[in-house]
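As you go down the protein sequences, you meet chains L and Z in turn.
The numbering used here puts the first residue of the first sequence at 118, with every later residue one more than the last.
The numbering used here puts the first residue of the second sequence at 1349, with every later residue one more than the last.
Every residue gets a Cβ at the ideal spot worked out from N, C-alpha and C, and that includes glycine.
Remember, predicted model here, so these are calculated numbers, not experimental data.
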Amino acid sequence: MDPQLQPLMDVLQQVKGYIYPNEIELQWGLLVVVYPYVTGLVAGAFILASLERVFNVREVQPTYRLSLLTALAFLIVAPLPLLAHLGHPGRAFEIFLTPNLNSAMAMFGFIYAWYLMVVLLLEIWFDYRKDLIQWAAGETGLRRFLHRALTLGATDLSERSLSFDRGAGKLITLIGIPSAFLLHGYVGFIFGSVKANPWWSSVLIPIVFLFSAIVSGIALILLLFLFSSLVRGKDVDMACADKLASFLLYALIVDFSLEMLDFIHRLYEAEESIKILSQMISSRLFLSLVVLQVLVGTVLPMLSLFLVSPAFRSRGLLAAPAELRRLVYFSAAVLIQIGIFSTRWNVVIGGQLFSKSLRGLTVYKMELLGIEGFFMSALLLLLPFLILYLLVVLLPPWPDREARVADG
Amino acid sequence: MRQQISRLSIVFGVLLLALVLARHFLIPKSFGKIGHYRAAAVDAIAARKIKYAGHQACASCHEEIVKLHDDRRHRNVACEVCHGPAAAHVEAPTEIRLPAPKQRGYCPLCHGYDPSRPTGFPQIDPVSHNPLKPCITCHNPHAPETPHTPEECSACHGEIARTKAVSHHALLPCTGCHETQKQHKITPQLSRPSKPASRAFCGQCHGVDASSPKEIPRVDLATHGERYVCWQCHYPHFPELK
């Protein structure tokens, strides 16, 4: 046989039931899974930062700047999976030059630009301005140059000027929260509005996406917080870790309830797609949905956080020592990342596994090499951490000076 | 004005200027004249070399074939589907020669058995249908005909026949339920076989008081799915108990 046809034949042998010819191969692969996962982390990290700012949650203050830098690092990477998936990265800027108001996908370019330029960068700038000036004063060489350049020459350190910084930062945060909702709500909107696809088409999808974004963002910050304390040889601030874990638990409960609501709603509606969808869940998606997303990624972390975190009382149900709590938080956060990644996988890949004839299932064959392959996705998931490292070197987010806590 | 504001204004001003300049220099002049695209693209596409000549172009030189073809069942299959783009051939018939699909592999692209094709579309199993010989030894590609009228309904209703063959109705002949005129096998669209129309039809064999063989399962027509015709619940070519 023609060797070029071999991959197709491999797939065809796993196709079950009746399926239209154009549905055999999935058009949206791993990269499109990575994309909502990454934007979710951005929105989640930012919303956590906003919590501290708007609602004045003192305990999580040590993570405020870390959250902002994390959001920035991931935001920079967020469009890359799409560019790699579409090819022609050289044409991407055209959506800004000739905006098409009828296309939700094109409008996303503007949401992205707004969020990057007006929300994140500005908030970081106002927050760091004072430190930039002070750092630059005591440094030499490249660091001094960079820090000075970043102040944009606004070197006024008078009390009026600093209080303007704080006011501006607060205002931006207020604008930022709806913007972060928009950023990730949009991603859910894109899927939810595909009315021909019963797996996606649901008004709940944007909301479910949002809450899972918050969950994944908080879990990521919790991980980074524990990890950075370890690397810097500092004692973990347990008040902060406990508070983060409590937020994580609340968000997880809301997220899980919404997902269950969606699930029960579908079951009760029992539209004509229900048969093929339940077949898909019990065969193709069993591992990624039932095992990874629900059991390992949600129920297990939820139970363990419920037991040890002081979310509902001054201490957890089990009085666990700090050492053990850290361990539980760390593993719960890792499991949650796996779970949320599976959620994205199940939405994106799941939505393409069944035929629109509702009578057959296909399979997804992941490439390893190649621009849409496994390694590309792995690279895009590691890249934000590299960027974050550089940002942290340039703009240390550690709240080691008591002054900040006092004037918060 | 606050120092911060003035500095940021400069940054955003520069960005805005860059956007305006980029829009000025990078947007093609004809963008948006007709719709949300470059109007000049239409001319660019129109200027591309034409590859297909169209069906009528052939008639001036291959009159007989066109006439024959247009009269037979391949009338809706254009010449260039089988012979490839022919604009160059029309310009220089003797220099540019067109290929013709003489091998066995080609015709099954349309005629190979595939359940998604519509009922009655002529389909064969390329492996078992008169193997080894090219299709055109028996079928004229311009006037496709079957050398003799098909005997079995399965020649055209492959899927139904195959399904029925493994069902509880395997032993019932098609014509027991569909009265079929001979003409149906020659011009199927013009002579339609009958289809069972009432519950009583199935009742001939399945009714409680039917005089059919005893091993046939019985139902009481008065109470069994009384508001529907039987084939709304049982697929007649593969009745199962759902």
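Original post:
Going by DSSP, which residues form a beta bridge with residue 1555(Z)?
Top reply: DSSP links residue 1555(Z) through a beta bridge to 1567(Z).
Subject >> Sequence-distant residues of the same chain with beta carbon closer than 8 Å to residue 520(L), five excluded per side >> reply: Residue placement at residue 520(L) cannot be trusted, given a pLDDT of 38 that sits under 50; the coordinates are not used to answer.
Subject >> Three-state secondary structure assigned by DSSP to residue 456(L) >> reply: In this structure, residue 456(L) counts as helix in the three-state DSSP scheme.
Original post:
Within 8 Å (strictly less), CB to CB, does residue 252(L) reach chain Z?
Top reply: Cβ-Cβ to chain Z under 8 Å: no for residue 252(L).
Original post:
In chain order, which continuous runs of the alpha helix (DSSP H) of length 4 or greater are located wholly inside the stretch 1417–1451 of chain Z?
Top reply: Whole alpha helix (DSSP H) segments, 4+ residues: 1427–1431, 1435–1439.
Original post:
Hey, how far is the Cα of residue 1450(Z) from the Cα of residue 1487(Z)?
Top reply: Within the model, the alpha-carbon separation for residue 1450(Z) versus residue 1487(Z) is close to 11 Å.
Original post:
Touching or not, the stretch 166–174 of chain L and the stretch 502–514 of chain L, by the rule of three or more beta carbon pairs under 8 Å?
Top reply: In short, these stretches do not touch, since the Cβ pair count stays below three.
Subject >> Short CB-CB distance (under 8 Å) between residue 1374(Z) and chain L >> reply: For residue 1374(Z), at least one C-beta of chain L is nearer than 8 Å to its own C-beta.
**OP:** Identify, in the order they occur along the chain, each residue of the same chain with its Cβ nearer than 6 Å to the Cβ of residue 299(L), setting aside the five sequence neighbours on each side.
**Re:** Excluding positions up to five away in sequence, the list reads 228.
Subject >> Straight-line gap, residue 1524(Z) to residue 1540(Z) (C-alpha atoms, nearest Å) >> reply: Cα atoms of residue 1524(Z) and residue 1540(Z): separation of roughly 15 Å, rounded to the nearest angstrom.
Subject >> Between the CA atoms of residue 444(L) and residue 346(L) - distance to the nearest angstrom >> reply: One C-alpha to the other measures close to 13 Å.
Subject >> chain L within 8 Å of residue 1359(Z), Cβ atoms only >> reply: Closer than 8 Å to some Cβ of chain L, the Cβ of residue 1359(Z) qualifies, so yes.
**OP:** With 9 Å as the C-beta to C-beta threshold (strictly closer), list the residues of the stretch 273–305 of chain L near chain Z in chain order.
**Re:** Going along the stretch 273–305 of chain L in chain order, one finds 273, 277, 278, 281, 282, 285 with a Cβ nearer than 9 Å to chain Z.
**OP:** Report yes or no: is there a C-beta of chain Z within less than 8 Å of the C-beta of residue 456(L)?
**Re:** Judged by the 8 Å Cβ criterion, residue 456(L) is not in contact with chain Z.
**OP:** Could you please give the first and the last residue of the uninterrupted alpha helix (DSSP H) stretch that includes residue 1361(Z)?
**Re:** Going by DSSP, residue 1361(Z) is part of the alpha helix (DSSP H) stretching over 1351–1374.
**OP:** Determine the extent of the alpha helix (DSSP H) in which residue 172(L) is found, giving its start and end residues.
**Re:** Segment 147–172, the alpha helix (DSSP H) holding residue 172(L).
Subject >> alpha helix (DSSP H) runs contained entirely in the stretch 433–479 of chain L, provided each spans 4 or more residues >> reply: Every alpha helix (DSSP H) of 4 residues or more that sits fully in the stretch 433–479 of chain L is shown, in chain order, as 439–465, 467–470.
**OP:** Would you tell me roughly how many angstroms separate the C-alpha atoms of residue 262(L) and residue 271(L), rounded to the nearest one?
**Re:** Cα to Cα, the separation comes out at about 14 Å.
Original post:
If the cut is a Cβ gap below 7 Å, which residues of chain L does residue 1379(Z) touch?
Top reply: Within chain L, the residues placing a beta-carbon under 7 Å from that of residue 1379(Z) are 215, ordered along the chain.
**OP:** If I'm right that residue 1381(Z) touches residue 1389(Z) with Cβ under 8 Å, what's the distance once you round it to whole angstroms?
**Re:** Not really, about 11 Å apart at Cβ, beyond 8 Å.
Subject >> Per DSSP, the bridge partner or partners of residue 492(L) >> reply: None, per the DSSP bridge assignment.
Original post:
Which of helix, strand or coil does DSSP assign to residue 1534(Z)?
Top reply: Correct three-state label for residue 1534(Z): coil.
Original post:
Once you ignore the five residues that flank residue 469(L) on each side, which residues in its own chain have a CB closer than 8 Å to its CB?
Top reply: These residues qualify, in order along the chain: 140, 143, 144, 145, 479, 481.
**OP:** Alpha carbon to alpha carbon, how far is residue 1458(Z) from residue 1502(Z)? Give it in angstroms, no decimals.
**Re:** The alpha-carbon atoms of residue 1502(Z) and residue 1458(Z) are separated by roughly 17 Å.
**OP:** Would you identify the three-state DSSP class for residue 134(L), choosing helix, strand or coil?
**Re:** Reduced to three states, the DSSP call for residue 134(L) is strand.
Subject >> DSSP state of residue 428(L) mapped onto helix, strand, coil >> reply: Residue state, collapsed to three classes: coil.
Subject >> is_contact[residue 1471(Z), chain L] using C-beta, thresh 8 Å >> reply: Residue contact check for residue 1471(Z) against chain L: no CB pair falls below 8 Å.
Original post:
Buried or exposed: residue 1362(Z), going by 16 or more other Cβ atoms within 10 Å of its Cβ?
Top reply: Exposed, because fewer than 16 other Cβ atoms sit within 10 Å of the Cβ of residue 1362(Z).
Original post:
Which residues in the same chain have their Cβ closer than 7 Å to the Cβ of residue 439(L), if we skip the five residues on either side of it in sequence?
Top reply: For residue 439(L), where only same-chain residues beyond five positions count, the Cβ hits under 7 Å are 355.
Original post:
Of all the options 1509(Z), 1572(Z), 1500(Z), 1405(Z), which has the alpha carbon lying nearest to the alpha carbon of residue 1438(Z)?
Top reply: Ranked by Cα distance from residue 1438(Z), the first of 1509(Z), 1572(Z), 1500(Z), 1405(Z) is 1405(Z).
**OP:** Using alpha carbons as the reference points, say which of 1444(Z), 1577(Z), 1555(Z), 1493(Z) lies closest to residue 1567(Z).
**Re:** Checked all of 1444(Z), 1577(Z), 1555(Z), 1493(Z); the closest Cα to residue 1567(Z) is 1555(Z).
**OP:** Verify the CB distance criterion: does residue 258(L) have a CB-CB separation below 8 Å to chain Z?
**Re:** No - not a single Cβ of chain Z is within 8 Å of the one on residue 258(L).
Original post:
Which word fits residue 377(L), buried or exposed, when buried means at least 16 other C-beta atoms lie within 10 angstroms of its C-beta?
Top reply: Counting Cβ neighbours within 10 Å, residue 377(L) comes out exposed, since fewer than 16 surround it.
Subject >> Sequence-distant residues of its chain with Cβ nearer than 7 Å to residue 328(L) (five each side left out) >> reply: Cβ within range, chain order: 368, 371, 372, 375.
Original post:
Cβ atoms of residue 319(L) and residue 379(L): under 8 Å apart, would you say?
Top reply: Yes; because the gap between Cβ atoms is below 8 Å, this pair is in contact.
**OP:** Note down, in chain order, all residues in the stretch 1384–1401 of chain Z with a beta-carbon under 7 Å from any beta-carbon belonging to chain B.
**Re:** The structure shown contains no chain B; its protein chains are L and Z.
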